[in-house]
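In my numbering, the protein residues as written are 2 to 273. Notes for the one structure printed next.
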DNA sequence: AACACGTGGGC
DNA sequence: TGCCCAAGTGT
């Protein structure tokens, strides 16, 4: 849930999930669509699908227990190098090189003296993080958490709180006179994109009690001749986008291809 | 290696 | 207001 999503926005959903599914077996025992529905508006709903798939793999391959090694975690759906290291370190106390966006930024400034880390994670960054990691297991876990928190709370992307930074005296970036970034980060476009249409379609499917016929996506609500049960609001939002038929088609095809939707009785629904 | 993939808070 | 960006991953 935390992948590319701020902690404060994850917390309420996370609490709900753990109340409903305290164990991997609980989640694995439900349809994948329930995971997507319960994901709510967290964003990147494919993560819900993968979390469900990971729960299933944990039940099938690990006796329902979340594995405790980096390699086994990495093999789970939706678990990449960051998540595998973070779970091994923070849940199991292992010494792992945890590198998230916060740690990357702290290292870039404090050690490398640049305003921002590279656009994509590099081998050099991993080597640096590994070299900085304390040898002792417990200390390494605290180190990972501390550097991550420093980045999240003090050494932030915009307007870093250098005056309040506990390690400002050893910051290479401050010492260099706070040089600006050497590149301009690529903005994520949104308005008018397939992503926006996918999001609007999925918002409809999350609330739908029955398969949604293609007509309902493509025609104005007024033309349907009736008020769609429960999905009027997201459906109106989708139509407001006024996307071209081919774009809507791409969005629907993409959702099917990703397993976020499936056809049933001639309509679209979340996966069973 | 570059790109696609959601959403909402903050400035 | 629009833009930036957030505990990344898979292709």
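In this text, a Cβ means the ideal position worked out from N, Cα and C, and glycines have one as well. Just so we're clear, the structure is a prediction, and the values are computed from it rather than from any experiment.
Beta-carbon spacing of residue i, residue j below 8 Å
i	j	result
residue 67	residue 83	no
residue 214	residue 268	yes
residue 208	residue 231	yes
residue 174	residue 114	yes
residue 103	residue 146	no
residue 116	residue 186	no
residue 109	residue 120	no
residue 125	residue 272	no
residue 11	residue 3	yes
Rounded separation between residue i and residue j - CA only
i	j	result
residue 169	residue 178	12 Å
residue 266	residue 190	35 Å
residue 142	residue 200	37 Å
residue 270	residue 37	11 Å
residue 81	residue 49	15 Å
residue 7	residue 220	36 Å
residue 218	residue 258	18 Å
residue 65	residue 184	45 Å
residue 72	residue 132	20 Å
residue 30	residue 21	12 Å
residue 235	residue 77	33 Å
residue 134	residue 216	57 Å
residue 163	residue 176	12 Å
residue 47	residue 262	11 Å
residue 63	residue 144	29 Å
residue 53	residue 19	13 Å
residue 182	residue 87	28 Å
residue 233	residue 171	57 Å
residue 85	residue 16	21 Å
residue 89	residue 210	39 Å
residue 155	residue 39	32 Å
residue 342	residue 35	Since the displayed the chain opens at 2 and closes at 273, residue 342 lies outside it and no answer follows.
residue 157	residue 264	44 Å
residue 128	residue 188	28 Å
Of the residues the options, the one placed nearest residue i, counting alpha carbons only
i	options	result
residue 239	216, 174, 140, 205	205
residue 137	176, 116, 94	94
residue 260	90, 51, 217	51
residue 107	273, 159, 70	159
residue 161	207, 111, 255, 197	111
residue 151	234, 42, 166	166
residue 307	196, 2, 142, 77	There is no way to answer for residue 307, as the model of the chain reaches only from 2 to 273.
residue 97	119, 69, 120, 122	69
residue 202	3, 184, 244, 163	244
residue 105	20, 39, 149, 41	149
residue 212	220, 198, 229, 48	229
residue 194	242, 64, 13	242
residue 75	210, 91, 55, 124	55
residue 123	135, 140, 101	101
residue 1	14, 19, 35	This structure does not reach residue 1, given that the chain is present from 2 up to 273, and the question cannot be answered.
residue 237	262, 198, 164, 10	198
residue 192	157, 248, 210, 90	248
residue 139	91, 130, 155	91
residue 5	39, 18, 35, 45	45
Residue i - partner residues in DSSP beta bridges
i	result
residue 265	268
residue 213	269
query = Is it a yes or a no for the segment 18-25 touching the segment 59-66, going by three-plus beta-carbon pairs under 8 Å?
reply = These segments touch.
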